[in-house]
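Chemist:
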Amino acid sequence: MNAPIISLESLTNTTSSGQLLTTAKSGGCASSSCGSSSRPADMDSATREKIKDHPCFSEEAHHYFARMHVAVAPACNIQCNYCNRKYDCANESRPGVVSEKLTPDQALRKVIAVANEVPQLSVLGIAGPGDACYDWNKTRATFERVAREIPDIKLCISTNGLALPEHVDELAEMNVSHVTITINMVDPAVGEKIYPWIFYGHRRYTGVDAAKILHEQQMLGLEMLTERGILTKINSVMIPGVNDQHLIEVNKWVTERGAFLHNVMPLISDSAHGTWFGLTGQRGPNAFELKELQDRLEGGAKLMRHCRQCRADAVGLLGTDRGQEFTLDQIPLEIAYNGGKRHAYREVVARIRDDHVAAKNQAITTLGSLSARGTLQVAVATKGGGRINEHFGHAKEFQIYEASQTGIKFVGHRKVEPYCHGGWGEDANLVGIIAALEGIDIVLCARIGDCPKNKLMGSGIRATEAFGYDYIETAISALYATEYGDDLSQATA
Ligand code: CLF
Ligand code: SF4
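Going left to right, the sequence shown walks through residues 7 to 499 as my numbering numbers them.
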């Protein structure tokens, strides 16, 4: 079942496209027929094709493909109570220092530099730091330049939706295949608690009037995108006591209007960010509240649970940010695109992916064959590729899976400060990691030392490296079988 292991490092650290192609031809699953049946049965082939290399629109794709954002759109036409304009747009980024704002020509240089060096790159997104539709001329100019140079890159925007309807036709003409609208309410009475004002039709609106206009534009924009076959994701910021229960209603409205995905994100609120919510003590939800709401939303639009709330200038696989490697001062003024690495990487991934799909199918079959009942919460340290391939001490986040007899579900991630610092374990960070892993039954990682393992055990969390470099689902199904009586594989360490 398992193909020879090709680590992500061997793919992404290779310095020439020739080497990548050699890797592609020497490894991976030799059979092209294995594993194709795990593609979602309820999805047509055109949609599958659109999402298969978009790391946000496909959870499976996010193990392999990367996005980059270019911060070309600083202007915004609304005020959200969770945003401070000195910081990045909270719709698609965690608050941080102001991004390096780029002109369309600078953005093109940056995209070429990243595409030449980051073989996983598949999507260019414009997610602020203001609004991509309001700052439209820069968005359009950037996409036109990039599409001319790198025609196979997917174009993606994130918007608050207010100026969206007037640009939907141009988006379709420019082949923008994926759009995200942040929709936090469908009731203006809720909306006025989130948006103090909007700027629309050359005038400023406040209160319920503002929220009503915003709501109508968001719904119109979504309907227009659906009519044109552009895949739309809805981002909603979950604000406890303000719109948390209301998001169930939002989910119904957007599902009826053809949204492909619904991504409920936790409010990030800190007085240091200087936002209205931060300064007034509005808290964000904890991991359990977020998951509970997401579970209640199952059955409507597909749910996105792997969002990392990226910065408006993020670069790389979700959960990593290589933006600092590609600041303008490091990029030559004249730079030509060379697609060799990206093409070689895709060839490798196509082979590995079939094998991964087959492994997942086998894991699901295994779980379905068990008579046992129960749920297992598993935290996985991974660097991508669908494998358990990260050391416990190096992990900056753990991916969380829930296993039951009905299958294995990715339910989110928990960010942590890494335990290892220069070869030494940091006890304070271990305390934080244990707190972040509350409710987890077992941690799977490539390596773990006795000290952290014993401390985790002292808090009721088991950890093992017994499945190091296995596929995540293969390991979890074997674990589940062990846990619930049918020992299919090795015992846990
Ligand atoms: Fe960027 Fe957004 Fe496109 Fe992705 S991010 S514009 S859809 S390419 Fe993705 Fe980042 Fe979450 Fe956004 S993980 S914040 S959902
Ligand atoms: Fe800030 Fe984005 Fe809201 Fe505009 S849409 S106020 S930039 S979070």
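Virtual Cβ for every residue (Gly too), placed ideally from N, Cα, C.
Please read all numbers here as calculations on a predicted model, not as lab measurements.
Within 10 Å of its beta-carbon, does Val-363 have 16 or more other beta-carbons around it, so buried, or fewer, so exposed?
Modeler: Its Cβ being crowded by 16 or more others within 10 Å, Val-363 is buried.
Chemist: Where in the segment 116-195 do unbroken runs of the alpha helix (DSSP H), each at least 4 residues long, occur, reported from the N-terminal end onward?
Modeler: The qualifying runs are 142-155, 174-179.
Chemist: Could you check whether the Cβ of Cys-316 sits closer than 7 Å to any heavy atom belonging to the ligand SF4?
Modeler: No - the ligand SF4 has no heavy atom lying nearer than 7 Å to the Cβ of Cys-316.
Chemist: Determine whether the beta carbon atoms of Val-120 and Met-74 lie at a separation below 8 Å.
Modeler: Yes, Cβ-Cβ distance for Val-120 and Met-74 is below 8 Å.
Chemist: Kindly examine the ligand SF4 and report whether one of its heavy atoms sits closer than 7 Å to the Cβ of Ile-84.
Modeler: It does: the Cβ of Ile-84 is within 7 Å (strictly closer) of some heavy atom of the ligand SF4.
Chemist: On the DSSP bridge list, what partners appear for Cys-426?
Modeler: Cys-426 is bridged to Gly-431.
Chemist: If you draw a straight line from the alpha carbon of Asp-361 to that of Gln-368, how long is it in whole angstroms?
Modeler: If you take the alpha carbons of Asp-361 and Gln-368, they lie about 11 Å apart.
Chemist: Using a 10 Å radius around the Cβ and a threshold of 16 neighbouring Cβ atoms, would you call Ser-277 buried or exposed?
Modeler: Looking at its Cβ environment, which holds fewer than 16 other Cβ atoms inside 10 Å, Ser-277 is exposed.
Chemist: Does the Cβ of Gly-131 lie closer than 7 Å to at least one heavy atom of the ligand CLF?
Modeler: Checking every heavy atom of the ligand CLF against the Cβ of Gly-131, one is found closer than 7 Å.
Chemist: Would you mind sorting Ser-241 into buried or exposed? The rule is 16 or more other CB atoms within 10 Å of its CB.
Modeler: A quick correction: the sequence has Asn, not Ser, at residue 241. So Asn-241 counts as buried.
Chemist: Mapping DSSP to helix, strand and coil, what is Pro-272?
Modeler: In the structure shown, Pro-272 sits in a strand (DSSP, three-state: E or B).
Chemist: Given a threshold of 16 other Cβ atoms within 10 Å of its Cβ, counted over all protein chains shown, does Gly-287 qualify as buried or as exposed?
Modeler: So Gly-287 ends up on the exposed side.
Chemist: Is it the case that the Cβ atoms of Lys-160 and Val-117 are separated by a distance below 8 Å?
Modeler: No, the pair does not count as a contact, with Cβ atoms beyond the cut-off.
Chemist: Are the CB atoms of Ala-469 and Ile-454 within a distance shorter than 8 Å?
Modeler: A contact, by the Cβ cut-off of 8 Å.
Chemist: Please name the residue or residues paired with Tyr-4 in a DSSP beta bridge.
Modeler: This structure leaves residue 4 out entirely; the chain is present only between 7 and 499.
Chemist: Hey, would you say Gly-306 sits closer than 8 Å to Lys-258, going by beta carbons?
Modeler: Their beta carbons are under 8 Å apart, which means Gly-306 touches Lys-258 by this criterion.
Chemist: Using a 10 Å radius around the Cβ and a threshold of 16 neighbouring Cβ atoms, would you call Met-463 buried or exposed?
Modeler: Exposed is the call here.
Chemist: Check whether the Cβ atoms of Ala-79 and Ala-138 sit closer than 8 Å, and answer yes or no.
Modeler: Yes, these two residues count as a Cβ contact at 8 Å.
Chemist: Report the residue ranges of all alpha helix (DSSP H) runs contained in full by the segment 345-380; include only those spanning at least 4 residues, in chain order.
Modeler: Whole alpha helix (DSSP H) segments, 4+ residues: 346-374.
Chemist: Where does Lys-239 sit, in a helix, a strand or coil, going by DSSP?
Modeler: Reduced to three states, the DSSP call for Lys-239 is strand.
Chemist: Skipping 5 residues on each side, what residues in its chain have a beta carbon closer than 8 Å to that of Glu-396?
Modeler: Within the same chain, Glu-396 has close Cβ partners Ala-387, Thr-388, Lys-389, Cys-451, Ala-452.
Chemist: Using beta-carbon positions only, say whether Gly-429 and Leu-373 come within less than 8 Å of one another.
Modeler: Cβ distance not < 8 Å, so Gly-429 and Leu-373 don't count as in contact.
Chemist: Give the DSSP-derived three-state secondary structure of Tyr-486 in the structure shown.
Modeler: Three-state result, Tyr-486: helix.
Chemist: Are the CB atoms of Ile-478 and Val-449 nearer to each other than 8 Å?
Modeler: Contact flag unset, no.
Chemist: For Gly-280, collect the residues of the same chain with a Cβ closer than 6 Å to its Cβ; drop the 5 residues on either side in sequence, then sort them by chain order.
Modeler: Excluding sequence neighbours, Gly-280 sits near Asn-90.
Chemist: Could you check the C-alpha separation between Pro-272 and Pro-291 for me, to the nearest Å?
Modeler: The straight-line gap from Cα to Cα measures roughly 6 Å.
Chemist: Note down the Cα distance separating Arg-357 from Asn-269, rounded to an integer number of angstroms.
Modeler: Near 30 Å, if we compare the C-alpha coordinates of Asn-269 and Arg-357.
Chemist: Can you say whether Arg-234 is buried or exposed, counting buried as having 16 or more other CB atoms within 10 angstroms of its CB?
Modeler: With fewer than 16 other Cβ atoms within 10 Å, it is exposed.
Chemist: Threshold first: 3 residues or longer. Then list the beta strand (DSSP E) segments lying entirely within the segment 267-340, N to C.
Modeler: As far as the segment 267-340 is concerned, its whole beta strand (DSSP E) runs of at least 3 residues are 267-272, 308-310, 321-323.
Chemist: Buried or exposed for Glu-262, going by 16 or more other Cβ atoms inside 10 Å?
Modeler: Exposed: under 16 other Cβ atoms inside 10 Å.
Chemist: Could you tell me if Gly-284 is buried or exposed, where buried requires 16 or more neighbouring beta carbons within 10 angstroms of its beta carbon?
Modeler: Buried, because 16 or more other Cβ atoms sit within 10 Å of the Cβ of Gly-284.
Chemist: Just mark Gln-126 as buried or exposed, buried being the case when its beta carbon has 16 or more other beta carbons within 10 Å.
Modeler: Buried, by the Cβ-count rule.
Chemist: Quick check: what's the CA-CA separation for Glu-295 versus Val-437?
Modeler: Glu-295 and Val-437: Cα-Cα distance of roughly 22 Å.
Chemist: Answer yes if the segment 222-233 comes into contact with the segment 180-190, meaning at least three C-beta pairs across the two stretches below 8 Å, and no otherwise.
Modeler: Yes: the two stretches touch, three or more of their Cβ pairs being nearer than 8 Å.
Chemist: Can you have a look at Thr-212 and say buried or exposed, based on whether 16 or more other CB atoms are within 10 angstroms of its CB?
Modeler: So Thr-212 ends up on the exposed side.
Chemist: For Ala-318, which option in Phe-149, Ile-163, Ile-219, Asp-158 has the closest C-alpha, if you only look at C-alpha atoms?
Modeler: Checking every option, the nearest Cα to that of Ala-318 belongs to Ile-163.
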